[in-house]
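Residue numbers (UniProt numbering): 1 to 237.
Written out below as structure tokens is the structure these notes cover.
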């Protein structure tokens, strides 16, 4: 980081979040952050509501999934000269008051700062029991392959510094990307840290992972982490 204050962009990926996107963006904007809403081919009124409110929106012509939407945000941040970008999901789960916490860690030298529900000081909603089991498994799997413990590997509340932005602009997983991208960052020597944050229940819409989908998610992401760690042996960003 240079001596000047870093430029921070809040990236808000949205897919069918008409019930929560307006309130989420207003909270971010009221805190004084630059932001971009990534509309990931929504089929509901998400785009219409954002345009009516005058929000800064990048409208993707088709649905790319969460990975593609977030990568579009990283590319936007790099193109327009931001030093740090912060993912705040459009479903209202991430409390924007905690943006400053993850940003501060990047200012202090982290490449990727993750907001965690599962370390001392964390507050609020911690997901369903089955999801927590899946998160614990992925935490173990990451530690097995990277040697590092990450308590909340599925958290989408994250801040990236220049090295992480550059990496994720080049290579970002398309499906359930958070754990796999953490594995890649760790294997490439990036500094990954966590901080406690407050999570809320979804303010609208529905999660893409639930029921038997949680088991599928665990198996697929576990394999993706293994492949990612294997493929990045010997690389350095």
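From the three backbone atoms N, C-alpha and C, an ideal C-beta is built for every residue, glycine too.
Note that the structure is a prediction, hence the values are computed from the model and not measured.
Inter-residue Cα distance where the pair is residue i and residue j
i, j, result
"residue 185", "residue 45", "35 Å"
"residue 118", "residue 150", "10 Å"
"residue 127", "residue 121", "17 Å"
"residue 17", "residue 201", "14 Å"
"residue 99", "residue 193", "14 Å"
"residue 238", "residue 56", "The requested residue 238 is not part of the displayed model; the chain covers only 1 to 237."
"residue 75", "residue 165", "8 Å"
"residue 230", "residue 133", "25 Å"
"residue 77", "residue 67", "15 Å"
"residue 135", "residue 146", "16 Å"
"residue 228", "residue 130", "25 Å"
"residue 163", "residue 97", "25 Å"
"residue 114", "residue 54", "30 Å"
"residue 6", "residue 216", "39 Å"
Whole-number beta carbon distance between residue j and residue i, since they are thought to touch under 8 Å
i, j, result
"residue 92", "residue 159", "19 Å between Cβ atoms; not a contact."
"residue 174", "residue 153", "The pair is not a contact, with the Cβ atoms about 17 Å apart (cut-off 8 Å)."
"residue 182", "residue 144", "Actually they do not touch by this definition, with Cβ atoms about 13 Å apart."
"residue 21", "residue 35", "At roughly 11 Å, the Cβ-Cβ gap does not stay under 8 Å, so residue 21 and residue 35 are not in contact."
"residue 112", "residue 190", "6 Å"
"residue 179", "residue 225", "6 Å"
"residue 40", "residue 198", "Not quite, the Cβ-Cβ distance comes to about 25 Å (not below 8 Å), so this is no contact."
"residue 238", "residue 161", "Shown here, the chain extends from 1 to 237; a query on residue 238 therefore has no answer."
Sequence-distant residues of the same chain with beta carbon closer than 6 Å to residue i, five excluded per side
i, result
"residue 148", "186"
"residue 89", "156"
"residue 38", "13, 58, 69, 72 and 73"
"residue 10", "28, 33, 35, 86 and 88"
"residue 101", "195"
"residue 220", "none"
7 Å CB neighbourhood of residue i in its chain, flanking five on each side removed
i, result
"residue 196", "116, 119, 120, 121 and 122"
Contacting residues, own chain, Cβ-Cβ under 8 Å from residue i (five flanking each side not counted)
i, result
"residue 43", "16"
"residue 137", "218 and 222"
"residue 169", "71, 74, 75 and 78"
"residue 47", "39, 57 and 59"
In chain order, which continuous runs of the alpha helix (DSSP H) of length 4 or greater are located wholly inside the UniProt domain "Glycosyltransferase 2-like" (10-158)? With a minimum length of 4 residues, the continuous alpha helix (DSSP H) runs that stay inside the UniProt domain "Glycosyltransferase 2-like" (10-158) are 21-30, 46-52, 65-79, 99-107 and 129-146.
Is the segment 54-65 touching the segment 165-173, taking contact as three or more C-beta pairs under 8 Å? They do not touch, by the three-pair rule.
Taking only runs that begin and end inside the segment 155-186, name each unbroken alpha helix (DSSP H) of 4 or more residues, in chain order. The segment 155-186 contains these whole alpha helix (DSSP H) runs: 162-170.
With three or more C-beta pairs closer than 8 Å as the rule, is the segment 77-89 touching the segment 102-109? Yes, they touch.
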